[in-house]
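J.: Below you'll find the structure I mean.
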Amino acid sequence: MPELPEVETIATGVHRQLRGDTILSVWFSRYREPFKTPPDEMAAALCNRRIRQVRRVGKHIVFDLEPTPQASASFRPRIQWTVHLGMSGRLLIATPRSPEMRHTHAVLHLGSGRELRFVDPRRFGRLSLEPGDFQGPGTEPLAVSLADFTALFRGRKLSIKAALLNQSLLHGVGNIYADESLFRAGIRPTRPAGRLTRAELGRLRTALRAVLRAAIRAGGSSVSDYVDAEGSKGFFQVQHRVYGCKGKPCRVCGMPIRRIVLAGRGTHFCPRCQE
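Take any residue in the sequence shown, count from 1 to its spot, add 123: that is its number in our numbering.
As structure tokens, this is what we get:
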């Protein structure tokens, strides 16, 4: 599943290319799973809208849209269209002549002559209209203060790995970056979140922010089918120290990296470096 760095990379790329473009018409597939808002309602709201901004909120890509001069006077001044990529979703910018991939569920035809396509083989992604300022389910990890970060985990009995994956606490963090951050902070993923000291949580916050920023600079991690809006892969996977490294020697101490299942997710850690 695309996590914060991958979603940030896609949102930034789409914004860079499509800011100011106009949505002329919309096509949606017949499958109902990707649509939190009915397709007919979305199509009516999206047409004759200008893309003012594309940004990330948690794991969501948010399109801030405004009406064009040709739009009906009854149009709301601004709306938001949100895209959640789910497990396998992609947003791709293409030309009308580009072959359409299988499992394409939405095509936005733009005034520039290009198309924005939503492709999702597993259909776990979601498209929806938002009536107000979409904030996401949890706290933004790149902006959270130390005091607020510490308060998120106070008294919680679940493991720190499970807490990091809880989107109502920190939105955007997923399996890859939870494992990588815990390794860099020297914290074993099985430890109860509420028992970590303030110093340990401070290390974890620092490690988490550093890992996320490094991954954004590298364009995310392409460990399965992730690509950005231009179809390019990310490169942060070459910097992974534990994720996907089961049995390989730890880069710090040489101990083989272990993999366990925790909170229903494969979890990687060093038995010696993480206490």
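For every residue, glycine included, the Cβ atom is placed at its ideal position computed from N, Cα and C.
Given this structure, state the Cα-to-Cα distance separating TYR300 from LEU331, to the nearest angstrom.
T.: Cα to Cα, the separation comes out at about 7 angstroms.
J.: Using C-beta distances below 7 angstroms, list every residue in its chain close to ARG364, excluding the 5 sequence neighbours before and after it, in chain order.
T.: Answer for ARG364: GLU303, PHE306, ARG374, listed in chain order.
J.: Just mark ARG336 as buried or exposed, buried being the case when its beta carbon has 16 or more other beta carbons within 10 Å.
T.: Exposed, since its Cβ has fewer than 16 Cβ neighbours within 10 Å.
J.: Starting from LEU215, trace the beta strand (DSSP E) in both directions and tell me its first and last residue.
T.: 213-217 is the extent of the beta strand (DSSP E) around LEU215.
J.: Thinking just about the alpha-carbon of each residue, which of LEU239, VAL130, ALA308 is nearest to the one in GLY181?
T.: Among LEU239, VAL130, ALA308, the Cα nearest to that of GLY181 is on VAL130.
J.: When DSSP builds the beta bridges, which residues end up paired with ARG172?
T.: Partner(s): ILE146, PRO190.
J.: Look up SER282 in the DSSP assignment and say whether it is helix, strand or coil.
T.: The answer is strand: DSSP assigns SER282 an E or B state.
J.: Helix, strand or coil: which one does DSSP assign to GLU129?
T.: Helix at GLU129.
J.: Rounding to the nearest angstrom, what Cα-Cα distance links LEU250 and PHE358 in this structure?
T.: Cα to Cα, LEU250 sits roughly 27 angstroms from PHE358.
J.: Please report the Cβ distance between PHE272 and THR205, rounded to the nearest whole angstrom; I am assuming they are in contact, meaning their Cβ atoms lie under 8 angstroms.
T.: The Cβ separation is near 25 angstroms, so there is no contact.
J.: Determine the DSSP secondary structure at ARG388, reduced to helix, strand or coil.
T.: The answer is strand: DSSP assigns ARG388 an E or B state.
J.: Between which two residues does the beta strand (DSSP E) carrying VAL230 extend?
T.: Segment 227-233, the beta strand (DSSP E) holding VAL230.
J.: Can you say whether LYS284 is buried or exposed, counting buried as having 16 or more other CB atoms within 10 angstroms of its CB?
T.: Classification of LYS284: buried, given that the 10 Å Cβ count is 16 or more.
J.: Let's see if you can read the secondary structure: which residues bound the alpha helix (DSSP H) around THR273?
T.: Start and end: 269-276.
J.: Hey, which unbroken runs of the alpha helix (DSSP H) at 4 residues or more fall wholly within the stretch 319-361?
T.: 321-340, all fully within the stretch 319-361.
J.: Mark LEU127 as exposed unless 16 or more other C-beta atoms lie within 10 angstroms of its C-beta, in which case mark it buried.
T.: It is buried - the Cβ of LEU127 has at least 16 other Cβ atoms within 10 Å.
J.: So which of THR218, PHE247, PRO219, ARG237 has the shortest CA-CA distance to HIS226?
T.: Cα-wise, what sits closest to HIS226 is PHE247.
J.: So what does DSSP say about LEU305, is it helix, strand or coil?
T.: Helix at LEU305.
J.: Over the uninterrupted beta strand (DSSP E) stretch that includes HIS207, give me the two end residues.
T.: Segment 202-207, the beta strand (DSSP E) holding HIS207.
J.: Is GLU164 helix, strand or coil by DSSP?
T.: Of the three classes helix, strand and coil, the one that applies to GLU164 here is helix, per DSSP.
J.: Rounded to whole angstroms, what's the CA-CA distance from GLY212 to LEU147? Just pull it up for me.
T.: Going by the C-alpha atoms only, they are around 23 angstroms apart.
J.: Between LEU288 and GLU223, what straight-line distance do the alpha-carbon atoms span, to the nearest angstrom?
T.: In a straight line, the C-alpha of LEU288 is about 34 angstroms away from that of GLU223.
J.: Between GLU253 and the rest of its own chain, which residues show a CB-CB distance below 6 angstroms, the 5 nearest in sequence each way excluded?
T.: Once the five neighbours on either side are set aside, the close Cβ partners of GLU253 are GLN203, THR205.
J.: So is GLU84 buried or exposed if we call it buried at 16+ other beta carbons inside 10 Å?
T.: In this structure the chain extends from 124 to 398, so residue 84 is not present and cannot be described.
J.: For a test of the three-state rule: what should DSSP assign to HIS138, helix, strand or coil?
T.: If DSSP states are grouped into helix, strand and coil, HIS138 belongs with the helices.
J.: Output needed for LEU231: all residues of its chain with C-beta closer than 6 angstroms, excluding positions within five of it in sequence on either side, in chain order.
T.: Excluding positions up to five away in sequence, the list reads ILE146, VAL149, LEU239.
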